[in-house]
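Encoded as structure tokens, the structure appears first; notes follow it.
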DNA sequence: ATCGAGTACTGTACCGTCCAGTTCCACAGT
DNA sequence: ACTGTGGAACTGGACGGTACAGTACTCGAT
């Protein structure tokens, strides 16, 4: 069922995602998108009412992709033995996912336009952020029920966990352009962050 | 030495700061700034070469103001007794300062334009972020020398402290527009964050 | 006579629309 | 299976309208 129309639609979405992530909302022209999608501008406007609508669509689509990625990640079972090692590995994967250049660029994009598109910022916050925290929290709750952790507010614990891990690398990436972290940096953040977390919650 | 010229200069800086913080870089026109400063556009261009230069100047000036505020804050002495209470108060003041709407808007502004002005992002990161962490770290080092904390990497400890405190409220503010936190929220973040920090570092 | 206000102007970028001509696709009849 | 046909979708380019950075020029104030 890849009708021509559907193919074009997808091509436009892909192109728009690329260009918006790269150049920001106002830095992107509809002509740019049409050209990259190898499609006429008329066709773009046939599929999307206007620039704002197109922007909202690609942001939400990308957010959903990220959301499912996090779900998968938090679903990985954690052994009772070697709790610290297992948790460190979870932390490490969190870091990999959330410092991925595309994710960083998406954050940038939403923050930059949170004034113009308040609904979009709120939607991202709820679907891409709070939901991620909630799944992480349910993992912690499980560990707590097994007696491996000592937690009364699982959501708060998830907040602390992610704050310990992400505050530095995410901020660095936000401010210093497309800075790529070395693997060693991320390893270190995962290890030390997990250690502090366990000191408080084991 | 308030020459007429100096006063105009200041008026333009103030107006530009206000408008840029409110509407973002590309959302702000030079006419807006001139009008708010009660000055002709010609005069604006007499004092600042172009829009980019003006933007860079006001960002760096605001960053410096924030930096000195943090210095003051981290310099407050901490009693040996009631460590947790004292640290919680420090945390609370950190939160107040860094969730101030102006600061949040400045962060937004820099992140939004980190691609176009990479130097500015880097400058903010070094002067407004790493420097703040460094002063916090030196406070922790002092406490460690007094035997109140057990720290081997003071800078890392400062990172963890700020991550625990700021991750949630700052993210929320970034994404959900000018959301104001209730005092109670901030109290709670300060208390729980400090508790986790002390569990790991006391 | 110097400085700045006020305003008009230039050049550019870009959103969204329009139109004339072309390609794709589903479905009919053979 | 093969062809023909109608309609929908697409192309490419042009165009109106608007917004805005930066410049030029006139006139009044001090």
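Residue numbers (our numbering), protein chains in the order written: chain A, 1 to 202; chain B, 1001 to 1202. Quick reminder that beta carbons are idealized off the backbone N, C-alpha and C, glycines included.
Anything in the region 1154–1169 of chain B with a Cβ closer than 7 Å to a Cβ of chain A? List those residues in chain order, please.
-> 1156, 1159, 1160, 1162, 1163, 1164, 1166, 1167 and 1168
Does DSSP put residue 1115 of chain B in a helix, a strand or coil?
-> Along the second chain, read from residue 1 onward, the residue named residue 1115 of chain B stands at position 115. Three-state DSSP puts residue 1115 of chain B in coil, outside helix and strand.
To the nearest angstrom, report how far apart residue 1025 of chain B and residue 78 of chain A are at their CA atoms.
-> Here the question's residue 1025 of chain B lines up with position 25 in the second chain. Here the question's residue 78 of chain A lines up with position 78 in the first chain. Approximately 46 Å between the Cα atoms of the pair.
Would you check if the distance between the CB atom of residue 1164 of chain B and the CB atom of residue 1193 of chain B is smaller than 7 Å?
-> Numbered from 1 along the second chain, position 164 holds the residue referred to as residue 1164 of chain B. Numbered from 1 along the second chain, position 193 holds the residue referred to as residue 1193 of chain B. Yes, these two residues count as a Cβ contact at 7 Å.
Would you please state the rounded distance, in angstroms, between the beta carbons of residue 114 of chain A and residue 1177 of chain B? I believe it to be under 8 Å.
-> Translated into the one-based positions of the first chain, residue 114 of chain A becomes position 114. Translated into the one-based positions of the second chain, residue 1177 of chain B becomes position 177. The pair is a contact, with the Cβ atoms about 6 Å apart (cut-off 8 Å).
What span of residues does the alpha helix (DSSP H) with residue 1201 of chain B cover, start to end?
-> Position 201 of the second chain holds residue 1201 of chain B. Looking at the DSSP string, the run of the alpha helix (DSSP H) that includes residue 1201 of chain B is 1183–1201.
Assuming residue 12 of chain A contacts residue 59 of chain A (C-beta within less than 8 Å), just tell me the rounded distance between them.
-> Within the first chain, residue 12 of chain A is the residue found at index 12, counting from 1. Within the first chain, residue 59 of chain A is the residue found at index 59, counting from 1. Not confirmed; about 14 Å, so no contact.
The region 80–91 of chain A touching the region 48–67 of chain A, judged by at least three CB pairs closer than 8 Å | no
In the structure shown, what three-state DSSP assignment does residue 89 of chain A receive?
-> Counting from 1 along the first chain, the entry for residue 89 of chain A is found at position 89. In the structure shown, residue 89 of chain A sits in a helix (DSSP, three-state: H, G or I).
Terminal residues of the continuous alpha helix (DSSP H) containing residue 1034 of chain B?
-> Here residue 1034 of chain B corresponds to residue number 34 of the second chain, with the count starting at 1. Unbroken alpha helix (DSSP H) run through residue 1034 of chain B: 1030–1036.
Kindly indicate the opening and closing residues of the alpha helix (DSSP H) around residue 52 of chain A.
-> Numbered from 1 along the first chain, position 52 holds the residue referred to as residue 52 of chain A. Segment 51–75, the alpha helix (DSSP H) holding residue 52 of chain A.
Could you check the C-alpha separation between residue 1036 of chain B and residue 1019 of chain B for me, to the nearest Å?
-> For the purposes of this step, residue 1036 of chain B is identified with residue 36 of the second chain, where counting begins at 1. For the purposes of this step, residue 1019 of chain B is identified with residue 19 of the second chain, where counting begins at 1. Their Cα atoms are separated by approximately 8 Å.
Between the Cα of residue 116 of chain A and the Cα atoms of A/182, A/52 and A/8, which residue gives the shortest distance?
-> Start at 1 with the first residue of the first chain, and residue 116 of chain A comes out as number 116. Residue 116 of chain A has its Cα closest to that of A/52, out of A/182, A/52 and A/8.
Using the Cα positions of residue 1055 of chain B and residue 127 of chain A, report the straight-line distance between them to the nearest angstrom.
-> Within the second chain, numbered from 1, the residue matching residue 1055 of chain B stands at position 55. Within the first chain, numbered from 1, the residue matching residue 127 of chain A stands at position 127. The straight-line gap from Cα to Cα measures roughly 34 Å.
Would you check if the distance between the CB atom of residue 972 of chain B and the CB atom of residue 1190 of chain B is smaller than 7 Å?
-> Because chain B here runs from 1001 to 1202, residue 972 of chain B falls outside it and cannot be looked at.
Per-residue burial, residue 1004 of chain B [other beta carbons within 10 Å of its own, 16 or more giving buried] | For the purposes of this step, residue 1004 of chain B is identified with residue 4 of the second chain, where counting begins at 1. The residue in question, residue 1004 of chain B, is exposed, as its Cβ has fewer than 16 Cβ neighbours within 10 Å.
Count the other CB atoms, across all protein chains shown, that sit within 10 Å of the CB of residue 101 of chain A; report buried if there are 16 or more and exposed otherwise.
-> Residue 101 of chain A sits at position 101 when you count from the first residue of the first chain. Result: exposed.
So which of A/200, A/195 and A/104 has the shortest CA-CA distance to residue 151 of chain A?
-> Position 151 of the first chain holds residue 151 of chain A. Among A/200, A/195 and A/104, the Cα nearest to that of residue 151 of chain A belongs to A/200.
In the region 117–143 of chain A, which residues sit with their C-beta less than 8 Å from some C-beta in chain B, listed in chain order?
-> 118, 121, 122, 124, 125 and 129
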